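Asker:
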Amino acid sequence: MTEDFRALPDLASGALGGAVVCCNDEFFADAYNLVSPGPATHDPTTFTTKGKVYDGWETRRRRDQPQAAQSLGSADCSDWAIIRLATPALVRGVNIDTAFFRGNFPPFASVEATMLLGHPTPAELQNAQWFTVLERTGLQGDSPNVFPAAANSPLATHVRLSIYPDGGVARFRIYGEARPDPRFLGGRIDLAATVNGGRILDCSNMFYSSPANVLAPGRAAIMSDGWETARRRDDGNDWLVVELGQPGVLHNVVIDTLRFVGNAPGWARLSDADTGAELLATSPLLPDSEHRFRVAAASPVSRVRLDIYPDGGISRLRINGSVTESAATDYGARWLSSLPPDQAALIDSSQFFE
Numbered sequence: 317m318t319e320d321f322r323a324l325p326d327l328a329s330g331a332l333g334g335a336v337v338c339c340n341d342e343f344f345a346d347a348y349n350l351v352s353p354g355p356a357t358h359d360p361t362t363f364t365t366k367g368k369v370y371d372g373w374e375t376r377r378r379r380d381q382p383q384a385a386q387s388l389g390s391a392d393c394s395d396w397a398i399i400r401l402a403t404p405a406l407v408r409g410v411n412i413d414t415a416f417f418r419g420n421f422p423p424f425a426s427v428e429a430t431m432l433l434g435h436p437t438p439a440e441l442q443n444a445q446w447f448t449v450l451e452r453t454g455l456q457g458d459s460p461n462v463f464p465a466a467a468n469s470p471l472a473t474h475v476r477l478s479i480y481p482d483g484g485v486a487r488f489r490i491y492g493e494a495r496p497d498p499r500f501l502g503g504r505i506d507l508a509a510t511v512n513g514g515r516i517l518d519c520s521n522m523f524y525s526s527p528a529n530v531l532a533p534g535r536a537a538i539m540s541d542g543w544e545t546a547r548r549r550d551d552g553n554d555w556l557v558v559e560l561g562q563p564g565v566l567h568n569v570v571i572d573t574l575r576f577v578g579n580a581p582g583w584a585r586l587s588d589a590d591t592g593a594e595l596l597a598t599s600p601l602l603p604d605s606e607h608r609f610r611v612a613a614a615s616p617v618s619r620v621r622l623d624i625y626p627d628g629g630i631s632r633l634r635i636n637g638s639v640t641e642s643a644a645t646d647y648g649a650r651w652l653s654s655l656p657p658d659q660a661a662l663i664d665s666s667q668f669f670e
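The C-terminal position of the sequence shown is numbered 670 in the numbering used here, with every residue numbered one higher than the one before it.
The following block contains the structure:
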């Protein structure tokens with residue numbers, strides 16, 4: 317698997333809980349398309365009374381500034397959309413994908429972020445203090461536009477995409493490291509969930525679909541909303557390694573083969589990826605079924621390895637347990653120190669990991 321920021325989860329994705337909060341204009345195409353989890357599609361024959369239908373966000377042609385200012389993408393001539401991330405995160409990179417926007421893509425874009433806990437309104441977000449993730453940068457039409465985030469970008473809950481002066485963007489991806497609120501990590505939780513900080517470190521094969529899908533919320537809607545490998549033609553087996561959001565004492569695991577009917581694995585095994593200790597002995601799996609297993613872990617676990625035999629697909633993997641006291645103390649202190657002072661002042665740290 318690649319080691320660059322594109323290996324990190326897209327925390328703006330609607331599949332994880334990201335959402336468009338507001339935008340200044342979406343005359344031709346809905347801004348919510350920006351966070352659709354799949355790639356953009358295009359049908360050249362579809363039109364409405366407003367014009368061509370695009371699978372993306374498209375604003376009307378601006379007529380409020382002189383043409384020269386528009387062509388230069390001046391800062392006072394822009395459209396924007398604000399996106400709520402699925403969880404607080406450190407933003408590491410972005411993809412401003414202009415797929416199928418050829419004569420109507422914005423020539424420039426910038427990205428900013430802010431940190432506002434709770435459920436801020438659009439008015440509160442527009443008046444928030446924003447910091448730069450990506451300076452105003454040139455874009456190419458009908459292509460991904462992938463950029464690293466500014467160094468030392470602080471913790472963020474929302475991002476703002478600005479395009480200059482107008483036009484269309486198909487998808488907006490925010491690659492980052494999840495830093496969930498410690499007040500919601502108490503008790504028994506899914507330590508592997510993306511929104512709780514879990515992530516895929518490595519896997520043997522992802523020919524049909526990404527292993528990151530197995531850490532998403534809910535159950536799979538379709539087969540491609542899971543992890544599926546190619547058919548093996550050797551004596552080996554497929555596997556993946558998950559880094560848990562926090563080290564924890566494991567209680568049970570869920571291996572869900574929903575939507576995998578003729579291509580589910582026959583068996584699965586779970587182990588501690590650091591020590592090799594067996595957490596779940598090799599156990600048979602059924603197609604299209606949610607399997608629950610108790611886990612007897614003698615010590616806290618930070619990373620797990622799932623082996624499937626010999627190949628196939630699973631839709632979800634849940635690693636349920638409790639964060640250790642030492643990890644809770646360390647993470648809570650680091651998280652609180654990463655907040656802007658005005659947000660930190662609102663937090664009662666005694667609620668961490670209750």
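All residues carry an ideal CB built from backbone N, CA and C; glycine is no exception. Keep in mind it's a predicted model, so treat the numbers as computed, not measured.
Given that a residue counts as buried once 16 or more other Cβ atoms are within 10 Å of its Cβ, and exposed if not, what is THR598?
Answerer: It counts as exposed.
Asker: Which residue wins for smallest C-alpha separation from GLY483, given the options GLU606, ALA415, LEU595 and ARG549?
Answerer: Nearest option by C-alpha distance: ALA415.
Asker: Between PRO673 and THR640, is the Cβ-Cβ spacing less than 8 Å?
Answerer: Nothing can be reported for residue 673: it is not among the residues displayed for the chain, which extend from 317 to 670.
Asker: Going by other Cβ atoms of all chains shown within 10 Å of its Cβ, with 16 needed for buried, is PRO600 buried or exposed?
Answerer: The residue is exposed, with fewer than 16 neighbouring Cβ atoms inside 10 Å.
Asker: Return helix, strand or coil for PRO464, following the three-state DSSP convention.
Answerer: Strand, per DSSP.
Asker: Name the DSSP bridge partner or partners of VAL485?
Answerer: Answer by DSSP bridge pairing, in chain order: TRP373.
Asker: Quick check: the Cα distance between PHE424 and PRO498, rounded to an integer number of angstroms?
Answerer: Answer to the nearest angstrom: the Cα atoms are 37 Å apart.
Asker: Using a Cβ-Cβ cutoff of less than 7 Å, which residues in the same chain neighbour ASN568 once the five nearest sequence positions on both sides are dropped?
Answerer: The residues are ARG608, PHE609, ARG610, VAL611 and ASN636.
Asker: Would you mind reading off the limits of the beta strand (DSSP E) that contains SER520?
Answerer: No beta strand (DSSP E) holds SER520; DSSP gives it neither H nor E.
Asker: Determine, using beta carbons only, whether GLY297 and LEU324 come nearer to each other than 8 Å.
Answerer: The chain is shown only over 317 to 670; residue 297 falls outside these bounds and no answer can be derived.
Asker: Compute the distance between the beta-carbons of ILE412 and PHE488, then report whether it is under 8 Å.
Answerer: Yes.
Asker: Does the separation of the CB atoms of SER352 and SER426 fall below 8 Å?
Answerer: Their beta carbons are not under 8 Å apart, which means SER352 does not touch SER426 by this criterion.
Asker: For PHE363, name the three-state secondary structure that DSSP assigns.
Answerer: Strand, per DSSP.
Asker: Whole angstroms are fine: how far does the CA of ASP588 sit from the CA of LEU595?
Answerer: Their Cα atoms are separated by approximately 7 Å.
Asker: What is the DSSP secondary structure of GLN445, reduced to helix, strand or coil?
Answerer: Coil.
Asker: Going straight from the alpha carbon of GLY552 to that of VAL577, what length do you get?
Answerer: If you take the alpha carbons of GLY552 and VAL577, they lie about 22 Å apart.
Asker: In the DSSP assignment, find the unbroken beta strand (DSSP E) run with SER426 in it and report its ends.
Answerer: Unbroken beta strand (DSSP E) run through SER426: 424-430.
Asker: Report yes if the C-beta distance between VAL558 and LEU501 is below 8 Å; otherwise report no.
Answerer: Result no, Cβ atoms of VAL558 and LEU501 do not sit closer than 8 Å.
Asker: If you check the beta carbons only, do TRP373 and VAL485 fall under 8 Å apart?
Answerer: Cβ distance < 8 Å, so TRP373 and VAL485 count as in contact.
Asker: If we ignore side chains and look at the alpha-carbon of each, how far apart do ILE538 and ALA661 end up?
Answerer: Taking the straight line from one Cα to the other gives about 43 Å.
Asker: Based on the DSSP secondary-structure assignment, which residues constitute the bridge partners of THR453?
Answerer: Answer by DSSP bridge pairing, in chain order: ALA425.
Asker: Ends of the alpha helix (DSSP H) at TYR647?
Answerer: First-last of the alpha helix (DSSP H) with TYR647: 641-653.
Asker: Taking DSSP as the reference, what is the three-state secondary structure of ARG499?
Answerer: The answer is helix: DSSP assigns ARG499 an H, G or I state.
Asker: So is PRO291 buried or exposed if we call it buried at 16+ other beta carbons inside 10 Å?
Answerer: Because the chain is modelled from 317 through 670, residue 291 falls outside the range shown and cannot be assessed.
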